[in-house]
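In the numbering used here, the protein residues as written are 1 to 55.
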Amino acid sequence: MKFINYLESISGISIFGLSSLLIFSVIFLLVLIWTIKADKKLIEEISNIPLDKNN
């Protein structure tokens, strides 16, 4: 709890800013892990999905 109080005492940083940074970091880390461990064939299939269905 002392760490949060220390960070809040720094001017311009609130608990909401820290929580959003933590959420962003976790999501970014999960996407990075997924891309490293994902099957290469699955990534090729996803990249070949057409964006326009009129073709």
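Glycine included, C-beta positions come from ideal geometry on N, C-alpha and C.
| query | result |
| --- | --- |
| Reduced DSSP secondary structure (H/G/I, E/B, other) of SER47 | helix |
| First through last residue of the alpha helix (DSSP H) which encompasses SER19 | 15 to 37 |
| Cβ of LEU21 within 8 Å of any chain D Cβ | The structure shown has no chain D; it contains just one protein chain. |
| Own chain partners of ILE36 with C-beta closer than 6 Å, once the 5 adjacent residues on each side are dropped | none |
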